[in-house]
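Chemist: Just so you know, the sequence shown maps onto residues 0 to 421 in numbering that gives the first Met the number 0. Below: one structure in structure tokens.
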Amino acid sequence: MSIKLPITTAKDWRKGLATGAVAGAGMVTTVAVGTAAVATYFVRQMVVPPKHMVEELKILGVGYPSFNPASGDEPNSITLPATEQTSVPGTYGLFFNGGKSHAVIGDIIAFTPVDQTVIREVLEIHNGDLSRADRGHWSGVIATSPEDTGYKAEHITLPLTVGDAPAWIVRPQNPETIYEDHSDTWAVMVHGMGVQRSETLRALATTQELNLTSLHISYRNDKEAPPSSDGRYGLGFTEWKDVETAIDYALQHGARKVVLFGWSMGGSICLQAADKARNKDAIAALVLDGPAVDWLKLIEYHTELNKLPLGIGKLGIHMISSASLGLFTGLDEPIELESLSWTRRVDEMQVPTLILHSVKDDFVPVAPALELARKSNTVDIVTFADGAHTKEWNVDSDKWHSAVTEWLPGKLQQFHAETSAT
0 MSIKLPITTA KDWRKGLATG AVAGAGMVTT VAVGTAAVAT YFVRQMVVPP
50 KHMVEELKIL GVGYPSFNPA SGDEPNSITL PATEQTSVPG TYGLFFNGGK
100 SHAVIGDIIA FTPVDQTVIR EVLEIHNGDL SRADRGHWSG VIATSPEDTG
150 YKAEHITLPL TVGDAPAWIV RPQNPETIYE DHSDTWAVMV HGMGVQRSET
200 LRALATTQEL NLTSLHISYR NDKEAPPSSD GRYGLGFTEW KDVETAIDYA
250 LQHGARKVVL FGWSMGGSIC LQAADKARNK DAIAALVLDG PAVDWLKLIE
300 YHTELNKLPL GIGKLGIHMI SSASLGLFTG LDEPIELESL SWTRRVDEMQ
350 VPTLILHSVK DDFVPVAPAL ELARKSNTVD IVTFADGAHT KEWNVDSDKW
400 HSAVTEWLPG KLQQFHAETS AT
């Protein structure tokens with residue numbers, strides 16, 4: 000899905016869209032074949048995992064500490080086109096060499112208005128020869144493994160229902176922290192759509208500061224874990240079962256409670272786990288970054304974003320929600336979009352939830368999250384003035400860290416008091 004329109008408000012076309020209602024094969028036969036084809040393509044952009052990483056960003060050149068490419072030094076600066084993302088201060092990742100190599104990119108050194116280029120620091124190159132790269136993929140991922148961040152990790156597998164899936168465990172390694180021992184609390188880290196568990200490593204300094212063991216998981220269809228039988232995303236409606244397995248593992252290995260951290264669709268997955276998992280009573284809190292909290296509104300937003308008739312979005316919702324239209328989506332089972340739209344289920348939210356969300360997020364707009372925080376006593380939100388989707392940490396890691404470390408300890412104490420009392 001492309002991403003450029005402003006945030007929109009709810010339209011009448013969504014009224015009466017109870018899950019599966021009005022859906023059926025006859026719906027498709029009453030519309031033009033072209034309309035059905037466009038709706039099918041639109042829907043598949045949401046549920047079909049990307050085959051490979053697209054390296055769409057031109058690399059215009061690199062610089063060296065001695066200004067001598069033959070010095071043998073690694074590049075310490077990079078010149079890039081000045082885009083909406085590369086022009087924002089902060090620390091980011093750059094994948095290159097077909098996604099096999101990765102560099103950490105720091106702050107802006109110079110901006111040239113005439114050429115519309117920026118020069119940024121190169122802080123670290125984890126592998127590959129950046130001097131030979133001509134294209135890359137701009138990312139919020141700042142490390143490809145826990146070891147890249149300086150922390151030791153245990154490499155394990157989780158027995159998901161679709162097969163064994165790799166995960167990292169990072170135990171507390173910060174004896175200097177001022178926070179109390181939370182050795183009985185694990186943080187289960189859930190990445191978003193189109194990325195992998197390395198996305199969650201940005202939170203390591205925070206979980207380490209809080210003395211939490213962190214479990215960074217892969218889940219079905221993310222190219223690290225095995226695929227589901229249909230090879231489709233469930234937008235959280237199916238993936239929560241993999242989080243349930245991760246919670247089981249944590250409880251079997253010393254945890255008495257867990258905190259779920261989720262990014263983007265990972266936030267939707269965490270909300271479903273807190274609602275549906277048989278071990279949900281062990282979930283003390285949720286920390287969600289740029290979460291998809293209302294899929295009905297999000298589909299409407301992307302319908303307008305792509306300048307499509309609202310009828311296309313309406314038909315897309317029917318396709319996703321109806322078992323009889325699985326031929327078009329490729330889904331083995333329909334997705335109950337109503338259950339993934341939490342602004343309609345505010346009263347059912349029981350787990351304390353912190354949302355971190357940029358007001359400039361143009362992929363998952365902040366409006367539904369703000370609505371959720373306004374309506375629910377269990378939801379708090381911290382907004383960021385800058386940052387693209389799930390790049391709040393990259394723009395201001397100190398604010399991200401402080402927001403979580405100031406909010407979470409009190410929720411863990413509250414959970415401990417409530418469970419002890421019962």
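We put the beta carbon where it would ideally sit given N, CA and C, even for glycine.
Assign V53 to one of two classes, buried (16 or more other C-beta atoms within 10 Å of its C-beta) or exposed (fewer than that).
Modeler: The residue in question, V53, is exposed, as its Cβ has fewer than 16 Cβ neighbours within 10 Å.
Chemist: My guess is that L339 and L234 are in contact by the Cβ rule of under 8 angstroms, so how many angstroms apart are they, rounded?
Modeler: Indeed they touch by this definition, with Cβ atoms about 6 angstroms apart.
Chemist: Indicate whether at least one CB of chain B lies closer than 8 angstroms to the CB of A202.
Modeler: Checking the listed chains, one finds no chain B in this structure; it contains a single protein chain.
Chemist: Would you mind giving the Cβ-Cβ distance between T90 and T116, rounded to the nearest angstrom? I have them listed as a contact below 8 angstroms.
Modeler: That belief does not hold up - the Cβ atoms of T90 and T116 are roughly 19 angstroms apart, past 8 angstroms.
Chemist: Distance, Cα to Cα, I108 vs V87?
Modeler: Approximately 12 angstroms, taken between the alpha carbons.
Chemist: Tell me whether the beta-carbon of W239 lies closer than 8 angstroms to the beta-carbon of I268.
Modeler: Result yes, Cβ atoms of W239 and I268 sit closer than 8 angstroms.
Chemist: Have a look at A284, Y248 and A254 and flag the residue whose alpha-carbon is nearest the alpha-carbon of A261.
Modeler: Before going on, a small fix: residue 261 reads as Gly here, not Ala. G261 has its Cα closest to that of A284, out of A284, Y248 and A254.
Chemist: By Cβ distance, which residues of its chain are closer than 6 angstroms to A387, with the 5 residues on each side in sequence left out?
Modeler: Here the set comprises Q84.
Chemist: In the DSSP assignment, what residue or residues form a beta bridge with H215?
Modeler: Bridge partners of H215: W167 and M188.
Chemist: Using the beta-carbon count (16 or more within 10 Å), is K256 buried or exposed?
Modeler: By the 10 Å Cβ count, K256 comes out buried.
Chemist: Is the CB-CB distance between W185 and T148 below 8 angstroms?
Modeler: No, they are not a contact pair.
Chemist: Along the chain, where does the alpha helix (DSSP H) that runs through R373 open and close?
Modeler: That run of the alpha helix (DSSP H) goes A366 to K374.
Chemist: Provide the residue(s) that pair with D106 in DSSP beta bridges, ordered along the chain.
Modeler: Looking at the DSSP assignment, D106 forms no beta bridge with any residue, so it has no partner.
Chemist: Where do the ends of the beta strand (DSSP E) carrying P408 lie?
Modeler: No beta strand (DSSP E) holds P408; the alpha helix (DSSP H) holding it covers S396 to A420.
Chemist: Would you mind working out which of D114, E179, H215 and R119 sits nearest L93, comparing C-alpha positions?
Modeler: For L93, the nearest C-alpha among the options comes from R119.
Chemist: Pick helix, strand or coil for H429, following the three-state DSSP scheme.
Modeler: In the structure displayed, the chain extends from 0 to 421; residue 429 sits before or after that span and is not available.
Chemist: Exposed or buried, what is R131 when buried is set at 16 or more other beta-carbons lying within 10 Å of its beta-carbon?
Modeler: Its Cβ having fewer than 16 others within 10 Å, R131 is exposed.
Chemist: May I ask which residues mark the beginning and end of the alpha helix (DSSP H) holding F327?
Modeler: Run containing F327: G325 to T328, per the alpha helix (DSSP H) assignment.
Chemist: With distance defined between alpha-carbon atoms, name the residue in R134, F41 and L209 nearest to A402.
Modeler: The shortest C-alpha separation from A402 is found at L209.
Chemist: In chain order, what residues of the same chain lie with their CB nearer than 6 angstroms to the CB of S217, ignoring the 5 residues before and after it?
Modeler: Excluding residues within five positions, the ones whose Cβ falls inside 6 angstroms are A164, P165, R196, E223 and A224.
Chemist: Report yes if the CB atom of V47 is closer than 8 angstroms to the CB atom of R231, and no otherwise.
Modeler: Result yes, Cβ atoms of V47 and R231 sit closer than 8 angstroms.
Chemist: Could you tell me whether the stretch 302-319 touches the stretch 371-383, where touching means 3 or more Cβ pairs closer than 8 angstroms?
Modeler: These segments do not touch.
Chemist: Can you find the residues in the same chain that come closer than 6 angstroms, C-beta to C-beta, to L314, ignoring five residues on each side of it along the sequence?
Modeler: The residues are A38.
Chemist: Indicate the three-state DSSP secondary structure (helix, strand or coil) for K240 in the structure shown.
Modeler: Three-state DSSP puts K240 in a helix.
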